[in-house]
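Visitor: The structure is given below, and queries will be raised subsequently.
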């Protein structure tokens, strides 16, 4: 079936905002700067958390892996988007679309579990500080990161296989900047009930379960903060969690709307913008939020710049 589809439909056309050709150069410049910012900002976080001994803790281990994940995540879609802004041929091959979608799903799903692991780390640090080093051992942290990746790989093999064994007919224009599940499903001319059920089940496991783990962790954290007698102590503890809460809200809010909201022609354009938000803007905001709202990160950055100067 895949071979037959590939022969009948060798390419998809990524529309993006191609209806506005005057914007293409401007969009190229904007997204190029965004991509450079993502690589530079997240790369800087990786560098200082590796080289600064003061940042040798589970929290920064998870942050380092999150930054590396953001670089890989955006590199799946942004280079092709940049080419499409300037090229007349905005096509992507059938197999290329499947590969792009698979890695996008795996990396995004891994981020969901990694955000849950970061919430658990904050829960242990605040609610059980005496056993923090024992509980959050290097072995456990490594298992949480690798497990987050390994769990998601077979889930999305099935997801992508079910999608690309469908029959596609009629238009092959994707109303998006990259290959994503909802716009590709729109082009299928076969029964997509199984795909929708699997998408809902996978989204529930990958988005909802980690989200509830994050919520449960922060319910415990907030309860512990409210019991603290010192107002300054409350502010200091909350400051260590606020960056993570901001990124969780942005990521989960946009991803949930795109994958769990009912699809219609009216929502497709809105979802196209939201998909840019969680695939591009959040990775750009990640180093800004974590560096500006974290005292230890600011101190480490200051030391780095002083050494370079």
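Numbering (the UniProt record's numbering), first residue to last: 1 to 309. Beta carbons are placed, not taken as given, at the ideal position from N, Cα and C, and that holds for glycine.
1. Pull the bridge partners of residue 173 from the DSSP assignment, please.
2. Entirely within the segment 165-236 and at least 4 residues each: give me those alpha helix (DSSP H) ranges in chain order.
3. Can residue 200 and residue 276 be called in contact, C-beta distance under 9 Å?
4. Does the beta-carbon of residue 306 have 16 or more other beta-carbons within 10 angstroms, so that it is buried, or is it exposed?
5. Take the Cβ of residue 14 as the centre, count every other Cβ of all protein chains shown within 10 Å, and call the residue buried at 16 or more, exposed below.
6. Do residue 186 and residue 195 have their C-beta atoms closer together than 9 Å?
7. For chain C, check one thing: does any of its Cβ atoms lie closer than 9 Å to the Cβ of residue 96?
8. Could you round the C-beta distance between residue 42 and residue 70 to whole angstroms and report it? I think they count as a contact, below 8 Å.
9. Alpha carbon to alpha carbon, how far is residue 75 from residue 106?
10. Going by C-alpha distance, which of 208, 118, 252 is nearest residue 274?
11. Starting from the Cα of residue 81, find the closest Cα among 159, 51, 46, 16 and give me that residue.
12. By DSSP's criteria, residue 92 is part of a beta bridge. Which residues make up the other side?
13. So residue 163 and residue 190 are supposed to be a Cβ contact under 8 Å. How far apart are they, rounded?
14. If we count Cβ pairs, one from each stretch, closer than 8 Å, do we get three or more for the segment 283-291 versus the segment 243-250?
15. Can you give the Cα-Cα distance for residue 236 and residue 67, rounded to whole angstroms?
16. Since residue 243 and residue 294 should fall inside the 8 Å C-beta cutoff, what is the C-beta to C-beta distance between them, to a whole number of angstroms?
17. DSSP three-state label for residue 286, please.
18. With three or more beta-carbon pairs closer than 8 Å as the criterion, would you say the segment 113-123 touches the segment 145-154?
19. Are the CB atoms of residue 86 and residue 28 within a distance shorter than 9 Å?
20. Can you tell which of 304, 193, 280 has the C-alpha that lies nearest to the C-alpha of residue 35?
21. Considering only residues of the same chain and omitting the five flanking positions on each side of residue 179, which have a CB-CB separation below 6 Å?
22. Leaving out the 5 sequence neighbours to the left and right, which residues in its chain are closer than 8 Å to residue 127 when beta-carbon positions are compared?
Guide: Checking against the coordinates, here is how it stands:
1. 13.
2. You should have 181-186, 193-203, 209-226.
3. Judged by beta-carbon spacing, residue 276 lies beyond the 9 Å limit of residue 200, meaning their Cβ atoms are not closer than that value.
4. Counting of Cβ neighbours within 10 angstroms places residue 306 among the exposed residues, the total staying below 16.
5. By the neighbour-count rule (16 or more Cβ atoms within 10 Å), residue 14 is buried.
6. No; because the gap between Cβ atoms is not below 9 Å, this pair is not in contact.
7. Considering every chain present, this structure includes no chain C. It has just one protein chain.
8. Between residue 42 and residue 70, the beta carbon gap of about 5 Å places them in contact (Cβ cut-off 8 Å).
9. Cα-Cα distance, rounded: 13 Å.
10. With distances taken between Cα atoms, residue 274 lies closest to 252.
11. The shortest C-alpha separation from residue 81 is found at 16.
12. Answer is 12, bridged to residue 92.
13. Not quite, the Cβ-Cβ distance comes to about 11 Å (not below 8 Å), so this is no contact.
14. They touch, by the three-pair rule.
15. Taking C-alpha positions only, residue 236 is separated from residue 67 by approximately 24 Å.
16. With 8 Å as the limit, residue 243 and residue 294 qualify as a contact, their Cβ atoms being about 6 Å apart.
17. Note: residue 286 maps to helix in three-state DSSP.
18. A contact exists between the segment 113-123 and the segment 145-154.
19. Yes, these two residues count as a Cβ contact at 9 Å.
20. It is 280 whose Cα lies nearest to the Cα of residue 35.
21. Shown here for residue 179: same chain residues with a beta carbon closer than 6 Å to its own, the five before and five after excluded, namely 97, 100, 101 in chain order.
22. Excluding positions up to five away in sequence, the list reads 220, 221, 224.
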